[in-house]
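For reference, the structure discussed in these notes is given below.
There are 2 protein chains.
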Amino acid sequence: MKIDERKQRVLEAIIKDYVATAEPVGSRTIARKYNLGVSPATIRNEMADLEEMGFIEQPHTSAGRIPSQFGYRYYVDCLMETYTLSEMEENLIRSRFLQKMGDLEQVIQETGKFLSWITNYTAIISGPGPVVYGRFKTVELLPLQERAALLIVITESGAVIHKKIELPESVTPIDLMRISQVMSDKLQGITLNELRRTILMELYDELQREKNLLQIIIDLLEETLKASEWEKVYLGGIINILNQPEFHNIEKVRRILGVLEKENEIRELLNEGSEEGITVRIGGENRQEEFQECSVITITYEIKGEAAGRVGLLGPTRMEYPRTAALLKHAARALSEVLRGF
Amino acid sequence: MKIDERKQRVLEAIIKDYVATAEPVGSRTIARKYNLGVSPATIRNEMADLEEMGFIEQPHTSAGRIPSQFGYRYYVDCLMETYTLSEMEENLIRSRFLQKMGDLEQVIQETGKFLSWITNYTAIISGPGPVVYGRFKTVELLPLQERAALLIVITESGAVIHKKIELPESVTPIDLMRISQVMSDKLQGITLNELRRTILMELYDELQREKNLLQIIIDLLEETLKASEWEKVYLGGIINILNQPEFHNIEKVRRILGVLEKENEIRELLNEGSEEGITVRIGGENRQEEFQECSVITITYEIKGEAAGRVGLLGPTRMEYPRTAALLKHAARALSEVLRGF
DNA sequence: CATTAGCACTCGACGAACGAGAGTGCTAAC
DNA sequence: GTTAGCACTCTCGTTCGTCGAGTGCTAATG
């Protein structure tokens, strides 16, 4: 779809104004505020064309125009120039991420809070999958009660994963210790990803006698490490939804919050367009019908160079795309930087 | 404050009706629906008295009456008969808590979801403080990077508490191992509560050389174990707030959600009346001014007979006190029962 | 031929007016 | 002490008219 220079400028003006005011914008306003050098009448003609092409729409006759979903898409893809963070914004991000934020979970939650605070949208973040925890350091099996033990995996990066497991009757604490010992020895230094491979064979050899138990433990280990288990999701600034005039309607808010209460939905929201870079999903591009009036920008963050999880911002379709995207990018980079030390 | 039998019945009728309908209730309604055997006119007289005494109020002349906060308080304290769960409710609770719910965190979250679902209010729960984790089993210090180590505490009940700590420069892995060793030996079998006592002295003796480091570690241990750190709080059914007609106003919702986003506030909400049994806080009895129109019922749950955390329900002052309290009691008991196995 | 001024027209927002309905308080009768 | 009767009050929903913003069309303009 080709549109000429002036139409572009009109469209851009409409979007900018609507993003700022949340009110339908009329020809007069554009002529006044964005000096395109033409009269309202001309702009009206352009608007009529833009509407016919599907970039903008009219809530009702004799109202101004608002951008359509398609219009936003065009804007995001073709029109929008990259936003340069203000010095203050840069500083805010920098100083925020220089501060101590505690352990991994806290860092992630703080990032969410920060992003929601600075953008006024709602932040959604998925915690890192286990993939990125790095290499095994120790594996321990501590006897608990009669037939239960605690499986503790510690990785070189300092992540601790623990899970209570049930044992088949016939295991003594001594056995457990032996198994721990052997597993620690064998698994030390390999990555969790490599677990499935030949190492297992070695283990089997070593622990012929406890084959059964070992099988159980390995299964459990794998299960425990499965991504879905570990990709917890976090929310920041739910309230911000209520700040948007388009959501001053309880019914809409309820439906959106309803979705946000379900971890899976959020995960989907985050991962759907899971390319490497930044993803912008506008209105109906979201699978959830509750989010027809929302846009979601997401981006991947890394731990030690490997994609770890995603962080995103959820706002109305009338979103400050350039600024939000820029902030998100910078924050993701800063987050990855902080997590390098983990 | 003494009020006669009939006034009580009128008050009770007003409360019941208002709780059910959320509409001011008039004399005619009471006469019709709750057969007190007197005419509306008589009831009107009683209502005038009740109003003068502060139990009920009038939103405006020529509206019906609604219970005042004081009225609810009187109702909860003196009038309300205990609610017997329906068979279905009993079954729901039973079957819910018989199911596997995974680890501690999951159990707690599921409890919250369940309670919010069955009551239509918002559930708030604090996770168990460290107090209940029982006795030390092992204490480990694993070297991570140059000047960082991982402190891992495992208790006999299988809880794992871990925290990354920073070291003063001068510590070798060997030292760390020695310290771990000694600490494990000395601390094994004592409860976390006893930590502060004489044991520390022994430790100091044993580890003269590492006095400095030990001090740091002990401090850290204490800090890490401090209740506030560990008492994570969970929310269930935030949306339910939106279902209440009194919160169909965005501004109110925003203020309430604003508070609910702050962990500390929730903790306060839960712990303020931290007697053993059930606590009901009505409207202004909550310290937060945002909760003037809310009531909170909380109760303690236990792990192995020791108070562990609190679980509560947050709803409008117009709350179904008897039913909510009964459900909460039963759920807390069931929860404690499930947690016995932890 | 693109642009623009002018103008009639449309539609929602807002406020005033108004009647209906619910509920009260008071008085007087039972 | 209780109740019927009644005037009074206040809210809520409806209707109606006005206002203003904004459009689309037409004809004039450079």
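So the protein lines, in turn, are chains E and F. Residues in the first sequence are numbered from 11 upward in steps of one, following my numbering. Residues in the second sequence are numbered from 11 upward in steps of one, following my numbering. Ideal Cβ placement from N, Cα and C applies to all residues, glycine included.
Cβ closer than 8 Å: which chain E residues qualify as neighbours of residue i?
| i | result |
| --- | --- |
| F:Val170 | Leu160, Ile162, Val170 and His172 |
| F:Leu154 | Glu166, Ser167 and Gly168 |
Buried or exposed for residue i, please, with buried defined as at least 16 other CB atoms from any protein chain shown within 10 angstroms of its CB.
| i | result |
| --- | --- |
| F:Arg104 | exposed |
| F:Asp27 | buried |
| F:Gln109 | exposed |
| F:Ala32 | exposed |
| E:Cys304 | buried |
| E:Thr327 | buried |
| E:Ile135 | buried |
| E:Asn55 | exposed |
| F:Thr92 | exposed |
| F:Met329 | buried |
| E:Lys147 | buried |
| F:Gln155 | exposed |
| F:Ile184 | exposed |
| F:Ala51 | exposed |
| F:Arg320 | buried |
| F:Gln119 | buried |
| E:Thr121 | buried |
| E:Arg106 | buried |
Cβ atoms of residue j and residue i: under 8 Å apart, would you say?
| i | j | result |
| --- | --- | --- |
| E:Pro34 | E:Ala73 | yes |
| E:Leu323 | E:Thr94 | no |
| E:Lys123 | E:Gly247 | yes |
| E:Thr201 | E:Arg145 | yes |
| E:Ala159 | E:Leu186 | yes |
| E:Leu114 | E:Lys173 | no |
| E:Leu60 | E:Arg19 | no |
| F:Glu241 | F:Arg277 | yes |
| E:Met193 | E:Val243 | no |
| E:Tyr82 | E:Ile288 | no |
| F:Glu275 | F:Gln298 | yes |
| F:Thr308 | F:Leu337 | no |
| F:Ala318 | F:Leu125 | no |
| E:Ile313 | E:Pro138 | yes |
With a threshold of 8 Å between beta-carbons, can residue i be considered close to chain F, or not?
| i | result |
| --- | --- |
| E:Lys147 | yes |
| E:Gly325 | no |
| E:Gly268 | yes |
| E:Glu303 | no |
| E:Ala336 | no |
At a cut-off of 7 Å, would you count residue i as near the ligand NAD, judging by its Cβ distance to the nearest heavy atom?
| i | result |
| --- | --- |
| F:Gly322 | Only the bare structure without any ligand can be found here, which leaves the ligand NAD out of the picture. |
So that I know if they touch, is there some Cβ in chain E lying closer than 8 Å to that of residue i?
| i | result |
| --- | --- |
| F:Arg264 | yes |
| F:Leu95 | no |
| F:Asp195 | no |
| F:Ser238 | Residue placement at F:Ser238 is poorly supported in this model, since its pLDDT is 48, which falls under 50; the coordinates are not used for a value here. |
Which bits of chain E does residue i rub up against, with CB to CB less than 7 Å?
| i | result |
| --- | --- |
| F:Glu271 | Ile248 and Ile249 |
| F:Asp27 | Near F:Asp27 there are no residues of chain E at all, since even the closest Cβ is about 24 Å away, more than 7 Å. |
Give the interface partners of residue i over in chain E, defined as CB-CB distance under 9 Å, in chain order.
| i | result |
| --- | --- |
| F:Ile260 | Leu252, Phe257, His258, Asn259, Ile260 and Val263 |
If the cut is a Cβ gap below 8 Å, which residues of chain F does residue i touch?
| i | result |
| --- | --- |
| E:Asp113 | Lys173 and Lys174 |
Runs of beta strand (DSSP E) lying entirely within the region 142-203 of chain F, each at least 3 residues, in chain order: 146-153, 158-165 and 170-176
Along the chain, which unbroken stretches of the beta strand (DSSP E) at least 3 residues long are found entirely within the region 260-329 of chain E? 289-292, 304-313 and 316-326
Where in the region 87-152 of chain F do unbroken runs of the beta strand (DSSP E), each at least 3 residues long, occur, reported from the N-terminal end onward? 132-136
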